[in-house]
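Residue numbers (the numbering used here): 60 to 123. Note that CB positions come from ideal geometry on N, CA and C, so glycine has one too.
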């Protein structure tokens with residue numbers, strides 16, 4: 060997680076790829092605050108309300 064945060068600070072854009080089963084769960088490792096994420100790529104299982112919450116924080120949500 061420390062390496063990711065260091066890379067994210069230097070990146071022009073942070074893209075997160077995660078399937079919908081990862082949302083709503085607590086992880087033992089903190090990777091990045093939402094403010095650092097520019098694009099979220101996930102599957103179509105992500106509920107619309109969750110996608111809208113990310114979009115409201117200026118995160119582009121792409122569902123494939």
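Residue 99 is not a Cβ neighbour of residue 67, given a cutoff of 9 Å.
The shortest CA-to-CA distance from residue 63 to any of 83, 95, 82, 116 is the one to 95. By DSSP's assignment, residue 99 forms a beta bridge with 75, 120. Distance from the CA atom of residue 80 to the CA atom of residue 71, rounded to whole angstroms, is 27 Å.
Annotated three-state conformation of residue 115 is helix, per DSSP.
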